[in-house]
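Chemist: Residue numbers (full-length UniProt numbering), protein chains in the order written: chain A, 1 to 201; chain B, 1 to 559; chain C, 1 to 412; chain D, 1 to 185. Please read through the structure below; I'll follow up with questions.
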């Protein structure tokens, strides 16, 4: 089978291009630590969220330099997010845990690259850091039923000292009971890259 | 001799398949324009924001599943019988699977219609990806299952006809068109296993209430096992046209037959173990798995880049045989006034542009820039909406006269139609890409929120909406032209004037005899495909099934 | 034998089929004047409530009333049943949840009422009851399903007092003496209907309430987008806004003005506006403007700010050509059908015959034959080289600048 | 465009003269349509590329603008104008007859005309309107100023929005701005 020499050159150029593409992705993931949603290994029963960390969605300080927010995406609103914005501190590592009790939703913080799916029975974990106070819109970008077009909310980044740190005080925007009932809160998360050894209830 | 005189029975089968295809693109196109008007806010009185999702499901199913599948089985039926120069073994079996496919389509369409009109008791506003736990009526799933099983019948028909032909010609190489048709159908058998298991084992009993729960992540992964390979099931028939007919239309011969076979084998082997690149944003799938499938996704670029070289080289060969000179001067010598030629050339150009969009989508982390935003519809309206659909329309102008024995009518309208489609798609798709970069979500009837602002970098949201609607109008006008030409040709008078087209296809510049014989041995390639699938999909599916086939499960939520 | 004559009947049938596909099933927008000030229509917050058919279930006299939360309606289990109910003061209303993820947010309640609804999302089986004492109109909605029209209203019958002007759903007790400033003399219980007119005038300081201390007409109903002009016809009056729908920008006239002064404002947000004159409030110088129904200037679209800022240049070069293309295609089609004998049946022409063999066109012979060895696709190589450069540059820009260079990322 | 010798292209081979002249001469008509149709995407894509580059490398790029409607501490009260009205701080503290809301705002006049910012009434979650606010005296072009506006809200009310009026030259522009939740001291 003889291939025209111009064709051989083109095959070589194509292979170099493909390897170059894969290399730039590897640089992004390994070099700059910019990845995507992974497998947190936690599965939960979507119909029994009250026994999990999502019983009382909201934000709290997991340690002095790590803020954790749990969000429930349910048919046609984010809790917190729609009725009152998700509050996160600036210049601090923030981890968002999102799940859904009913159907597949999308969780896209418009204007950032936080873009992931929310699937009943799974826990979506997004770790990031916001560098300046600003308010972002949150949009569900996966069709989830009749009210999908109105499912949106807000995420507001505030200076870190705005969010009270004491465990007993009403943390940020924990709606309802203020004592964080998080029994399964992990130990202090050393670095964002290491997934905290969460034990789901 | 014209095809319709050689194989009248087979010609009628192909005509019927094309008729269903053109009916569904006609209806699907009309729904598409209504959606564009609704989404951009120009007219919100046609249907409610909730009905929009049933219209979107109808548009998706009619265009992406019905129009493509029917045209493909028709095109391959013509390709196989023409290149093997023999009819099907038993036309009753052929009419059988075509009837099954049509029944499935009607069942699915009526189920979707039920969501809009009151008197039909079904609902299926679940879009054409029908993710659980949103649940449609059982008739919707049954309809899709029948459509797929019917198309399996078509594959079996081609393979049996090839086996008969090889029994009579043991040492001859498989003719190129049959090689391409059979390898595409083998890919179709392998990839539809995923959606068949999802629908028959999980969703159908689940929507009938026989099983209480299904695991949304498992059904979703099974769908995307099928979801990416189906885009190659749509693309390879377009490559079939580009490789075997387009060189002749440009006045030349195919540059290399062996390379075409290598490309189709690469697609057969690599198409299915890449589906997870649609699930980068999904929880529950490890980043390692996503990275492996991303690498094999990028390697699928290779056969497409090879196709670019071979097809453009064949076009240049034709131009030079028509007297074209110089480094680029030959481009002017090409028959731009022939709609079969111009449609395919413009489709190729659109596909080259959409290739870049595909690279951005396929990146593990850069996908977060565009996932589920309007960028994605912008991308696939260029790939399946133009590269495949415009190729199918263009080749109809060349094929329909041979199938009906009637001369093509309204040839000026036909000559304009591809350009109208191409320009309309450039406007609509460019607007979709730009509005997607600003973060506007797809699959949303009214993307205007009280709490969210979208900052588009160049034009305002209003201008992008206007550009989208302008493009949609041009596309619909072009669709009307196409249906007008096809309709009036079909109703024209047979045999009055000699055809303006010629069915002969010249041999390739470097023929199949130069290529190794193993290329024609499909058993080897299917075995390799199955091996790659076990590596790519074995571990994740096993992990999901570990904690129970249906856990963590969700009950159906009717949509 | 294919039927050559393209009969007129078939042509009409095809045309009507296309028209039917494009036919619009325009939704009925209940523009009839309704007592809840448009609360159940799409003009107020959220979508129109489909399961509200205009009637208010009268349960006055019963001391226990139940309202279902999450009943079937509005495209799923997203409705309060009954949506509108009239009860007498002192009735205990029990809300029963019959499906999941609903709450009750109070949109508006008469001043002095103590009902706060249910602030948390509850599921099937949850109940909430409240005894309604204060008379007036209570409007409430469900946060997650507001956009589907899940809204409700409770009207508590007028209490004994409040002479001179009865409680009406639009104004509540504003014109009665149980509201600030006492009963309004020149309010006879009727609301002057001025919907559909572009300009409406209200006199400030007309005679009434024992002198020139009245707004005339005191209660007027207009469509959204109407401009109301207030004309001072006597001295020392102002306009203080008592209540207005959220999002409205009207701020009245805060300074005392004299005869001849005029103030005009275009009312966009639908709902109830109530205002009074500070010096003459105690005499009952009060007024109300009620904005509802489809706006005079054409049907209101969906969310505001939807229609783009159309400048003619934009419309011309995009929508223009396609609108020209479609009719010209249809005209060409008709002309060619006629030439093809489509209407011969009408004109009595046309003949029949067996389909002869159809010869193909002769294969086109190329100008010159190019074999495999004489042909090197340099043109193709150059085109692909250009393409390669373009996608490489585009990839570098998109990946390293647009993506990595911007905004918070997901740490993987 | 040299008029190409009419070589027998695949489709033009029909000798039937009757149909040839009744349609416009397809070859010349389409020869102009082909270059135009290919030029259009090149123009549109170049404009997109230039726009994206301006957006990335120019100042106040679209990617840095807020996409949430409500304004929090550090946010700009009027992102729709290109002057700067930064909400430096917002605090609620309990006082004897309710809760005092203080809004600290820093203003920079980037226009070339005198500029005034007036904070009007605050609307609480319950819908009541609380009067008060602050009106700056005219700020010369390029100058900055800052002020603190105070409101006394009922005991359990939280602020939902504040009315702002920016007057540039003599052009007032009114807008009600949604406030992100204000932390309580």
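A virtual CB, placed ideally from N, CA and C, is assigned to each residue, including glycine.
Is the Cβ-Cβ distance between residue 252/B and residue 155/B less than 8 Å?
Modeler: In the second chain, counting from the first residue as 1, residue 252/B sits at position 252. In the second chain, counting from the first residue as 1, residue 155/B sits at position 155. Between residue 252/B and residue 155/B, the gap from beta carbon to beta carbon reaches 8 Å or more.
Chemist: Classify residue 173/D as helix, strand or coil using the three-state DSSP reduction.
Modeler: As a position in the fourth chain, residue 173/D is number 173, starting the count at 1. The answer is strand: DSSP assigns residue 173/D an E or B state.
Chemist: Show which residues of chain B have a CB atom less than 7 Å away from the CB atom of residue 148/A.
Modeler: Looking up residue 148/A in the first chain gives position 148. Under the 7 Å cutoff, chain B gives 444.
Chemist: Let me see if you follow: with CB-CB separation under 8 Å, is residue 430/B close to chain D or not?
Modeler: By one-based count along the second chain, residue 430/B stands at place 430. True, the Cβ-Cβ gap to chain D drops below 8 Å.
Chemist: Residues of chain D with a CB under 9 Å from the CB of residue 79/A: which are they?
Modeler: For the purposes of this step, residue 79/A is taken as the residue at position 79 of the first chain. What residue 79/A touches in chain D: nothing, since even the nearest Cβ is about 15 Å away.
Chemist: Would the region 529-540 of chain B and the region 260-274 of chain B be scored as touching if the rule is three or more Cβ pairs under 8 Å?
Modeler: A contact is defined here as three or more CB-CB pairs under 8 Å, and the region 529-540 of chain B meets this definition with respect to the region 260-274 of chain B.
Chemist: Between residue 369/C and chain D, is any beta-carbon pair separated by less than 8 Å?
Modeler: On the third chain, position 369 is the one that residue 369/C refers to. No, no contact with chain D.
Chemist: For residue 32/A, list the residues DSSP reports as bridge partners.
Modeler: The residue given as residue 32/A occupies position 32 in the first chain. Bridge partners of residue 32/A: none, in fact.
Chemist: Does the CB of residue 180/D have a neighbour CB from chain A at under 8 Å?
Modeler: In the fourth chain, the residue the question calls residue 180/D occupies position 180. Closer than 8 Å to some Cβ of chain A, the Cβ of residue 180/D qualifies, so yes.
Chemist: Does residue 159/D come out as helix, strand or coil in the three-state DSSP assignment?
Modeler: Your numbering for residue 159/D matches position 159 in the fourth chain. Correct three-state label for residue 159/D: strand.
Chemist: Contact between the region 54-64 of chain A and the region 16-33 of chain A is defined here as three or more beta-carbon pairs at a separation below 8 Å; is this criterion met?
Modeler: no
Chemist: Which residues bound the beta strand (DSSP E) around residue 89/D?
Modeler: If you number the fourth chain from 1, residue 89/D lands on position 89. Its beta strand (DSSP E) spans residues 84-95.
Chemist: For residue 481/B and residue 496/B, what's the separation of their Cα atoms in angstroms?
Modeler: Mapped onto the second chain, residue 481/B falls at position 481. Mapped onto the second chain, residue 496/B falls at position 496. Cα to Cα, residue 481/B sits roughly 23 Å from residue 496/B.
Chemist: Using only the alpha-carbon positions, how far apart do residue 407/B and residue 357/C sit?
Modeler: For the purposes of this step, residue 407/B is identified with residue 407 of the second chain, where counting begins at 1. For the purposes of this step, residue 357/C is identified with residue 357 of the third chain, where counting begins at 1. Rounded to whole angstroms, residue 407/B to residue 357/C spans 13 Å at the Cα level.
Chemist: Helix, strand or coil: which one does DSSP assign to residue 145/A?
Modeler: To locate residue 145/A, count along the first chain from 1; it is residue 145. Coil.
Chemist: Distance, Cα to Cα, residue 394/C vs residue 355/B?
Modeler: Start at 1 with the first residue of the third chain, and residue 394/C comes out as number 394. Start at 1 with the first residue of the second chain, and residue 355/B comes out as number 355. About 11 Å.
Chemist: So if I threshold CB-CB distances at 9 Å, which residues from the region 389-406 of chain C count as touching chain A?
Modeler: 391, 392, 395, 396, 399, 400, 403, 404 and 406
Chemist: Relative to chain A, which residues along the region 367-394 of chain B have a C-beta separation below 8 Å, given in chain order?
Modeler: 367, 368, 369, 371, 372 and 373
Chemist: CB-CB under 7 Å to residue 213/A, same chain, minus the five flanking residues each way: which ones, in chain order?
Modeler: Since the first and last residues shown for chain A are 1 and 201, residue 213/A lies out of range.
Chemist: Would residue 3/B and residue 80/B qualify as a contact pair, given that the criterion is a beta-carbon distance under 8 Å?
Modeler: By 1-based counting over the second chain, the position of residue 3/B is 3. By 1-based counting over the second chain, the position of residue 80/B is 80. No, the Cβ-Cβ distance between residue 3/B and residue 80/B is not below 8 Å.
Chemist: Quick one: give me the first and last residue of the beta strand (DSSP E) that residue 108/C is part of.
Modeler: Here the question's residue 108/C lines up with position 108 in the third chain. Here the beta strand (DSSP E) through residue 108/C covers 102-108.
Chemist: Quick one: grab the DSSP three-state call for residue 380/C.
Modeler: What you label residue 380/C is simply residue 380 of the third chain in a count that begins at 1. Correct three-state label for residue 380/C: helix.
Chemist: Measure from the alpha carbon of residue 451/B to the alpha carbon of each residue in 95/A, 81/A, 132/A and 67/A, then state which is nearest.
Modeler: Residue numbering aside, residue 451/B sits at position 451 when the second chain is read from its first letter. Comparing Cα positions, the closest option is 81/A.
Chemist: Any idea if residue 7/A is buried or exposed, counting beta-carbon neighbours within 10 angstroms, 16 or more meaning buried?
Modeler: For the purposes of this step, residue 7/A is identified with residue 7 of the first chain, where counting begins at 1. Answer is buried; the Cβ neighbour count reaches 16.
Chemist: In three-state terms, what does DSSP make of residue 165/C?
Modeler: Along the third chain, read from residue 1 onward, the residue named residue 165/C stands at position 165. For residue 165/C, the predicted model reports a pLDDT of 39, less than 50, meaning its position is unreliable and no value from the coordinates is stated.
Chemist: If you measure between the beta carbons of residue 41/D and residue 426/B, is that distance less than 8 Å?
Modeler: Sequence index remark: in the fourth chain, residue 41/D carries index 41 (1-based). Sequence index remark: in the second chain, residue 426/B carries index 426 (1-based). Yes; because the gap between Cβ atoms is below 8 Å, this pair is in contact.
Chemist: What is the DSSP secondary structure of residue 52/C, reduced to helix, strand or coil?
Modeler: Reading the third chain from its first residue, position 52 is the one you call residue 52/C. DSSP places residue 52/C in coil when its eight states are reduced to three.
Chemist: Could you check how far apart the C-beta atoms of residue 59/C and residue 107/C are, in whole angstroms? I think they sit under 8 Å.
Modeler: The sequence position of residue 59/C within the third chain is 59, counting from 1. The sequence position of residue 107/C within the third chain is 107, counting from 1. Incorrect: roughly 21 Å between the Cβ atoms, too far for contact.
Chemist: Determine which residues share a DSSP beta bridge with residue 78/A and list them.
Modeler: Translated into the one-based positions of the first chain, residue 78/A becomes position 78. Listed as beta-bridge partners of residue 78/A by DSSP are 73/A.
Chemist: Just verifying my parser: in three-state terms, what is the DSSP assignment at residue 151/A?
Modeler: Looking up residue 151/A in the first chain gives position 151. If DSSP states are grouped into helix, strand and coil, residue 151/A belongs with coil.
Chemist: CA-CA distance, residue 120/A and residue 164/A?
Modeler: As a position in the first chain, residue 120/A is number 120, starting the count at 1. As a position in the first chain, residue 164/A is number 164, starting the count at 1. One C-alpha to the other measures close to 31 Å.
Chemist: Identify the contact partners of residue 67/D in chain A, using a Cβ-Cβ distance below 7 Å as the criterion.
Modeler: As a position in the fourth chain, residue 67/D is number 67, starting the count at 1. Within chain A, the residues near residue 67/D are 110, 111, 136 and 137.
Chemist: Given this structure, state the Cα-to-Cα distance separating residue 179/A from residue 550/B, to the nearest angstrom.
Modeler: Along the first chain, read from residue 1 onward, the residue named residue 179/A stands at position 179. Along the second chain, read from residue 1 onward, the residue named residue 550/B stands at position 550. Per-residue confidence for residue 179/A stands at a pLDDT of 34, beneath the threshold of 50, marking its modelled position as unreliable; the derived number appears in the next sentence. Approximately 35 Å, taken between the alpha carbons.
Chemist: Please compile the residues from chain C whose C-beta is within a distance smaller than 7 Å of the C-beta of residue 174/D.
Modeler: On the fourth chain, residue 174/D is found 174 positions in, with the first residue counted as 1. Residues of chain C passing the Cβ test: 249.
Chemist: Spell out the partners DSSP gives residue 141/C in its beta bridges.
Modeler: On the third chain, residue 141/C is found 141 positions in, with the first residue counted as 1. 105/C and 151/C.
Chemist: Where does residue 147/B fall in DSSP's three states?
Modeler: Counting from one through the second chain, the residue named residue 147/B turns up at place 147. In the structure shown, residue 147/B sits in a helix (DSSP, three-state: H, G or I).
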